[in-house]
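J.:
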């Protein structure tokens, strides 16, 4: 392919993605750009084959697939691959980039699972299950601790500003969070704080052997922490710092978590204070550094925490007590039956669908509204979302409504249809 034609494709895709990173391993969009430049120098053949290989190799976002196909097919002759078709378990990149091969599928999937224990998919399943099927009292306290652990961790990242491990020599198997800083590991923080808080809050309230709780907390924490090193996203120092930082925050907040929860439930003006405080914390975090995925995650976490707290307050004021009656304590899993298990799964399925619909609807409504209020063009939503005036209200309001639905709307629906 002539250099001028290849360069035009390079600039077109660079403009389309609006990505400022230069390391080919940093994100799917940049990987695509690098892939075009490398493969376009090879002999002409089938561009459909190249596009298929690209999808297998980088698994881009759904919105990018159509644009990527247009770019690949814009060359009528197409291009060819000199090497075999790449696979997640046999990846070979040349031209000075990484070369690696995943030989143990067990370790790959095990540590992929460990990484997911710190991602949104896990949170949107774990916290609802805890609220709707186990113990709302426990769930509220876990949310309080989780919000503060994650907020302080994300802000500390943007203050210290240590980069991710260099690649090469490190091989990065996960690139979504690569635009964030490295120190401390917030995955390690959440993977430490949640199981330890779960143990501290539930032991004595629930009947189970202490050794079982200790083993579960140890395995959970170890899996998440080790997964971040395996995935190439953190150094050992990042993980150790995240582990110790989470314990420090837990030591500070565990003694006062009952006071915070009582304030959220009983104080008349608690919702106003909660919403204002969390919003102010979000604005502060957005001023610490330039755009990265951590800003959006921080706004999501704060919004979710505010929504859960406000939903808890409304429940309390309306007399809708979701906590188990005091005479049923300590709680036990010994009464688990097929009927109880079936209702628990049904509650989770119905409730999560409602939460996802809430997220979709609020996202569709808040982004154009924020763009209109702040006079920001929304032709390119990807670019508009990187503006603080759009991203903060969009994430905060959307996930605030998700948290409110989790705590108030969905439980009301369960009572209405007889699933409570």
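In this note's numbering, the protein residues as written are 1 to 420.
Built from N, CA and C at the ideal position, the CB exists for glycine as well.
Small disclaimer: the values here were computed from a predicted structure and weren't measured.
1. Would you kindly check if the distance between the Cβ of residue 224 and the Cβ of residue 188 is under 8 angstroms?
2. For a test of the three-state rule: what should DSSP assign to residue 230, helix, strand or coil?
3. Got a sec, what are the start and stop residues for the alpha helix (DSSP H) residue 128 sits in?
4. Which runs of the alpha helix (DSSP H) at least 4 residues long sit entirely within the stretch 377 to 419? Give them in chain order.
5. Where does residue 162 fall in DSSP's three states?
6. Taking contact to mean 3 or more Cβ pairs, one atom from each stretch, closer than 8 angstroms, check whether the stretch 236 to 246 and the stretch 260 to 280 are in contact.
7. Which value, in whole angstroms, describes the spacing of the CA atoms of residue 158 and residue 340?
8. So, residue 347 versus residue 119, is the Cβ gap smaller than 8 angstroms?
9. At the level of alpha carbons, what is the spacing between residue 342 and residue 376?
10. What does the Cβ neighbour count give for residue 135, buried or exposed, with the cut at 16 atoms within 10 Å?
11. What do you reckon, are the CB atoms on residue 138 and residue 202 nearer than 8 angstroms?
12. What does the alpha-carbon distance come out to for the pair residue 403 and residue 298?
13. Write down the C-beta distance between residue 111 and residue 230 rounded to the nearest angstrom, noting that I regard them as a contact closer than 8 angstroms.
14. Drop a sphere of 10 angstroms on the beta-carbon of residue 186, count the other beta-carbons inside from all chains shown, and report buried for 16 or more, exposed for fewer.
15. Tell me the DSSP bridge mates of residue 269?
16. Going by the CB atoms, is the gap between residue 351 and residue 410 shorter than 8 angstroms?
17. Quick one: any contact between the stretch 300 to 310 and the stretch 140 to 156, if contact means 3 or more CB pairs under 8 angstroms?
18. Taking contact to mean 3 or more Cβ pairs, one atom from each stretch, closer than 8 angstroms, check whether the stretch 387 to 404 and the stretch 273 to 287 are in contact.
19. According to DSSP, simplified to helix, strand and coil, what is residue 203?
20. Between 104, 215 and 322, which has its C-alpha nearest residue 415's C-alpha?
21. Applying the 10 Å Cβ sphere with the 16-neighbour rule, what's the burial state of residue 385?
22. Quick check on this structure: which residue in 207, 400 and 387 has the alpha carbon closest to the alpha carbon of residue 279?
23. Can you name, in chain order, every residue of its own chain whose Cβ lies under 7 angstroms from the Cβ of residue 405, other than the five neighbours on each side?
24. Less than 8 angstroms between the beta carbons of residue 114 and residue 227, yes or no?
T.: Looking at the coordinates:
1. In contact: residue 188 and residue 224 (Cβ atoms closer than 8 angstroms).
2. Helix at residue 230.
3. In the DSSP annotation of this structure, the continuous segment of the alpha helix (DSSP H) that includes residue 128 starts and ends at 120 to 129.
4. Within the stretch 377 to 419, the complete alpha helix (DSSP H) runs of at least 4 residues fall at 381 to 384, 388 to 404 and 410 to 417.
5. DSSP places residue 162 outside both helix and strand once states are collapsed to three, so it counts as coil.
6. With the cut-off at 8 angstroms, the stretch 236 to 246 and the stretch 260 to 280 do not touch.
7. Taking the CA atoms as reference points, residue 158 sits about 45 angstroms from residue 340.
8. Their beta carbons are not under 8 angstroms apart, which means residue 347 does not touch residue 119 by this criterion.
9. Across the structure, residue 342 and residue 376 are spaced so that their CA atoms are roughly 48 angstroms apart.
10. Residue 135 should be labelled buried.
11. In contact: residue 138 and residue 202 (Cβ atoms closer than 8 angstroms).
12. Taken atom to atom, the span from the alpha-carbon of residue 403 to that of residue 298 is near 14 angstroms.
13. The pair is a contact, with the Cβ atoms about 4 angstroms apart (cut-off 8 angstroms).
14. Flag for residue 186 reads buried.
15. None; residue 269 has no bridge partner.
16. The criterion of a C-beta distance shorter than 8 angstroms is satisfied by residue 410 and residue 351.
17. Segments in contact, yes.
18. Yes: the two stretches touch, three or more of their Cβ pairs being nearer than 8 angstroms.
19. DSSP places residue 203 in strand when its eight states are reduced to three.
20. Comparing Cα-Cα distances from residue 415 to each of 104, 215 and 322, the minimum goes to 322.
21. Counting the other Cβ atoms within 10 Å of the Cβ of residue 385 gives 16 or more, which makes it buried.
22. Residue 400 is the option with its Cα nearest to residue 279.
23. Here the set comprises 354, 355 and 358.
24. For residue 114 and residue 227, yes; Cβs fall inside 8 angstroms.
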